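Student: A single structure is presented below for examination.
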Amino acid sequence: LGGLPGGLRNLTLSFDNAVLTLPTLSLSGDLTVTAGGAVTQAPAGTLAVTGTTTLAAVGFDITLDNLGNDFGAALAATGNNVTLRDTNALSLGASTIGGDLAVSAGGHITQSGALAVSGAGSFTIDTATDQDVLLGGFANDFGGAVTVATSNGGSVRDVALRNVNAGAALGGLPGGLRNLTLSFDNA
């Protein structure tokens with residue numbers, strides 16, 4: 018996919034029977050993507066979306082992990098294994114993940130909807146210091162272990178996690194936390 022005009026506000030892409038590689042995009046509104054295959058982005062491309070981002074690739078992987086991505090409002094995803102990276106804070110909307118969820122952000126990682134993840138969840142604060150991973154406000158369902166980590170000098174201050182899965186497990190936490198809230202409703 019290429020040749021999209023600049024200055025777009027909203028963009029809706031429906032590739033019902035195909036994979037989709039997103040080019041560099043800068044949107045002042047919302048991004049909605051539906052694909053019948055994997056969703057990726059151009060190797061050196063960045064995605065800057067001021068509004069909400071909705072990604073649907075049921076049964077397929079979604080990999081949007083390039084440096085420079087910036088999702089301004091909530092990002093919701095439906096896919097198999099989902100990997101997301103945001104240069105700033107990232108708010109996760111209600112999402113259904115058939116495999117693993119890996120999120121890296123240069124700011125707080127929060128949520129505005131429940132996360133249903135069949136596999137493991139990993140949440141990494143990259144480069145930013147004193148950031149929070151706050152996933153305790155909704156009835157999340159992680160089938161695998163949940164890990165909170167740091168990279169490239171990032172640090173985590175507060176962690177909140179709610180998991181309603183009967184097999185709830187914690188994969189690991191970084192040192193130096195200020196506050197930790199774990200709610201494993203059915204464990």
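Numbering (our numbering), first residue to last: 18 to 204.
Beta carbons: idealized from backbone N, C-alpha and C, even for Gly.
Note that the structure is predicted; figures quoted are calculated from it, not measured.
#1: Whole beta strand (DSSP E) runs in the stretch 77 to 160 with 3 or more residues, listed along the chain?
#2: Please confirm whether Ala-55 and Phe-32 have their CB atoms less than 7 Å apart.
#3: Should Thr-104 and Thr-71 be called a contact, given that it needs their Cβ atoms to be closer than 7 Å?
#4: Per DSSP, which one or two residues make a beta bridge with Val-165?
#5: Quick one: what's got a C-beta closer than 7 Å to Asn-83's C-beta in the same chain, skipping five residues either side?
#6: Thr-67 to Leu-28, Cα distance in whole Å?
#7: Tell me whether Ser-108 is buried or exposed, calling it buried when 16 or more other Cβ atoms sit within 10 Å of its Cβ.
#8: Considering only residues of the same chain and omitting the five flanking positions on each side of Leu-194, which have a CB-CB separation below 8 Å?
#9: Look at the alpha carbon of Ala-119 and the alpha carbon of Ser-139, and state the distance between them as a whole number of angstroms.
#10: Output needed for Asn-201: all residues of its chain with C-beta closer than 7 Å, excluding positions within five of it in sequence on either side, in chain order.
#11: Applying the 10 Å Cβ sphere with the 16-neighbour rule, what's the burial state of Leu-21?
#12: Got a sec, what are the start and stop residues for the beta strand (DSSP E) Val-176 sits in?
Tutor: In this structure, then:
#1: 79 to 81, 92 to 96, 99 to 103, 107 to 109, 112 to 114, 118 to 122, 126 to 128, 132 to 134, 138 to 143 and 148 to 152
#2: Cβ atoms of Ala-55 and Phe-32: not closer than 7 Å.
#3: no
#4: Phe-140
#5: Gln-58, Gly-62, Thr-63 and Arg-102
#6: 12 Å
#7: buried
#8: Hits under 8 Å: Val-173, Arg-174, Asp-175 and Val-176.
#9: 5 Å
#10: The sequence as given places Phe at residue 201; Asn does not occur at that position. So the qualifying residues of the chain are Asn-180 and Ala-185.
#11: Here Leu-21 is exposed: its Cβ has fewer than 16 other Cβ atoms, across all protein chains shown, within 10 Å.
#12: 173 to 180
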